[in-house]
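Protein chains in written order, with our numbering: chain A, 1 to 142; chain B, 1 to 117.
Every residue, glycine too, gets a C-beta built ideally from N, C-alpha and C.
Bear in mind the structure is a predicted one, so any value in this text is a computation, not a measurement.
Notes follow once the structure below has been shown.
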């Protein structure tokens, strides 16, 4: 009797019906606004997503009166769970030009139903800010 | 390896904006991208093209019926008229605790196909 172990190989994730996914929001000289979800990505059923890039950016263009906290941030919500902030760029200065840029190369994997959301908010009165946030990844068969 | 890259969200619709205290202003769709500068109706002191003024009362703003243009996946839409169908969203997120529920209807206003519930 010969006993042998049969190991079934499976293609790498980038060979399992891959689709490139991306979402981004850029606004030039945006006015103050309440917390707003600018983009959302929810991983579909039977799929996973290897997220390779997350970016959050902001830069004051004109002064506010008075200044308030302004932020561009990304939240992650696991399926059935609560949202947590995983990347944020925020400023509370009234000085023109200094920017808060945060770019992060990510290794995270999204499972079915997981959600990434890019949000912006500016509690100032007057003034304008350049905003940006983005994600990029590869969606594949789970 | 064959990797197809294209921009997520190949369709564009004007949809209602929703609000909750813990989420702020958002669009009630699983996946979307807001198009900058398209929020309506522009109302001095309440709604700007970039969004809702921070000091505006959310209840008063909701009474104005704010809408925004968004890109969303073409898989959400009816190929005959391009309107979003709730049943197509449910099938994409069938095991999701929220979007997979049979009773889940997106609050997106007239962009929703009337007989897709």
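- For residue 52 of chain A, the enclosing beta strand (DSSP E) has its first and last residue at 47-62.
- In chain order, 23, 40, 41 and 42 make up the part of chain A whose C-beta sits under 8 angstroms from the C-beta of residue 31 of chain B.
- By DSSP's assignment, residue 26 of chain B forms a beta bridge with B:18.
- Per DSSP, reduced to three states, the secondary structure at residue 92 of chain B is helical.
- Under the three-pair Cβ rule at 8 angstroms, the stretch 32-49 of chain A counts as touching the stretch 25-39 of chain B.
- Distances from the CA of residue 56 of chain A to each of A:69, A:87 and A:78 were compared; the closest alpha carbon is that of A:87.
- A Cβ of chain B is located within less than 8 angstroms of the beta carbon of residue 36 of chain A.
- The residue among A:71, A:95, A:20 and A:25 with its C-alpha nearest the C-alpha of residue 43 of chain A is A:20.
- The Cβ of residue 112 of chain A sits closer than 8 angstroms to at least one Cβ of chain B.
- Among the CB atoms of chain B, one or more fall inside 8 angstroms of the CB of residue 80 of chain A.
- Taken atom to atom, the span from the alpha-carbon of residue 52 of chain A to that of residue 117 of chain A is near 15 angstroms.
- The C-alpha of residue 58 of chain A lies about 21 angstroms from the C-alpha of residue 70 of chain B.
- Using a Cβ-Cβ cut-off of 8 angstroms, residue 132 of chain A does not count as an interface residue toward chain B, since no Cβ of chain B sits closer than that to its own.
- Bounds of the alpha helix (DSSP H) holding residue 62 of chain B are 58-63.
- Straight-line spacing of the CA atoms in residue 30 of chain A and residue 36 of chain B works out to 9 angstroms.
- Taking a beta-carbon distance threshold of 8 angstroms, residue 76 of chain B does not count as an interface residue toward chain A.
- A contact is defined here as three or more CB-CB pairs under 8 angstroms, and the stretch 11-20 of chain A fails this definition with respect to the stretch 63-71 of chain A.
- Cβ proximity to chain A below 9 angstroms picks out 91, 92, 93, 94, 95, 96, 97 and 98 from the stretch 83-98 of chain B.
- Annotation: Cβ neighbours of residue 119 of chain A in chain B (cutoff 8 angstroms, chain order): 24.
- Put simply, of A:131, A:11, A:64 and A:10 the residue whose alpha carbon is nearest the alpha carbon of residue 95 of chain A is A:64.
- Taking 8 angstroms as the upper bound for CB-CB distance, residue 29 of chain B and residue 43 of chain B are not in contact here, some 24 angstroms apart.
- Between the beta-carbon of residue 79 of chain A and that of residue 132 of chain A there is about 27 angstroms, and that puts the pair past the 8 angstroms contact cut.
- Put simply, the CB of residue 52 of chain B is near chain A, with a gap under 8 angstroms to one of its CB atoms.
- Here residue 52 of chain B is bridged, per DSSP, to B:47.
- Distances from the alpha-carbon of residue 51 of chain B to those of A:139, A:10, A:120 and A:83 put A:120 closest.
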